[in-house]
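In what follows, a structure is listed as structure tokens, so that the remarks can point back to it.
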Amino acid sequence: MVEAIRFRDDDVHEEPAVSLDAFLDQSNATAVRIEAGEDARLLIPLLERLALIEIDFPVFGDGRGYSAAQILREAGYKGELRASGDVLVDQIAYMRRCGFDAFAPDAPIDPKVMDKALELYDAVYQGTTDNRAPIWKLRHG
256 MVEAIRFRDD
266 DVHEEPAVSL
276 DAFLDQSNAT
286 AVRIEAGEDA
296 RLLIPLLERL
306 ALIEIDFPVF
316 GDGRGYSAAQ
326 ILREAGYKGE
336 LRASGDVLVD
346 QIAYMRRCGF
356 DAFAPDAPID
366 PKVMDKALEL
376 YDAVYQGTTD
386 NRAPIWKLRH
396 G
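According to my numbering, the residues represented by the sequence shown are 256 to 396, in order.
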């Protein structure tokens, strides 16, 4: 298994993530895994109980996880939001913008390549949960 990449200062959450169905049926889990196509909005009333939400990317081209992350961050989730599965180095900057702060990729990611990819673009074109001002707003106020 590839070591997780984290952009957080708190301790790593060691409890395994349970499925969304299992989490909704029990009261003591603090980590949940959302599979592609599952509705992240079901977690909104329960966010304060969660230390970790893991969102699966079964293939790199499946963008549903981005939407799930955005929904959860906009709803106020402050815990660890981990992208797992087919996570590629060139997606990490976009995933970070949607609120992901941890990654568990299927294949190793070279930290030097990742750092370079994260520094590649100074400007962004749309607003997300990271609160960076889009370039059009900087240009036109």
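Ideal placement from N, C-alpha and C gives every residue a C-beta, glycine not left out.
* Asked: Under a Cβ-count criterion, where at least 16 other Cβ atoms within 10 Å of its own Cβ denotes burial, should Y332 be classed as buried or exposed?
  -> buried
* **7 Å Cβ shell around I326 - same chain, five flanking residues per side excluded** => For I326, where only same-chain residues beyond five positions count, the Cβ hits under 7 Å are A295 and R296.
* **Coil, strand or helix - R387 by DSSP** => Collapsing the DSSP output to three states places R387 in coil.
* Inter-residue Cα distance where the pair is F315 and A338 -> 11 Å
* To do: Closer than 7 Å by C-beta to R304: which residues in its own chain qualify, once you throw out the five before and the five after it? Chain order, please.
  => T285
* Whole-angstrom Cβ separation of R319 and A291, contact assumed at under 8 Å? -> 5 Å
* Which one or two residues does DSSP pair with L336 in a beta bridge? -> I308
* Neighbourhood of R351 by C-beta distance below 6 Å, restricted to the same chain and skipping five residues each side -> none
* To do: Report buried or exposed for L336, applying the criterion of at least 16 other Cβ atoms within 10 angstroms of its Cβ.
  => buried
* From D265 to Y380, what distance separates their C-alpha atoms? -> When the Cα atoms are used, D265 and Y380 turn out to be separated by approximately 30 Å.
* I289: first and last residue of the uninterrupted beta strand (DSSP E) it sits in -> A286 to I289
* Inter-residue spacing [alpha-carbon to alpha-carbon] between D341 and E329 -> Those two C-alpha atoms are separated by around 24 Å.
* Compute the Euclidean distance between the alpha carbons of L301 and T384, then round it to the nearest angstrom. => 20 Å
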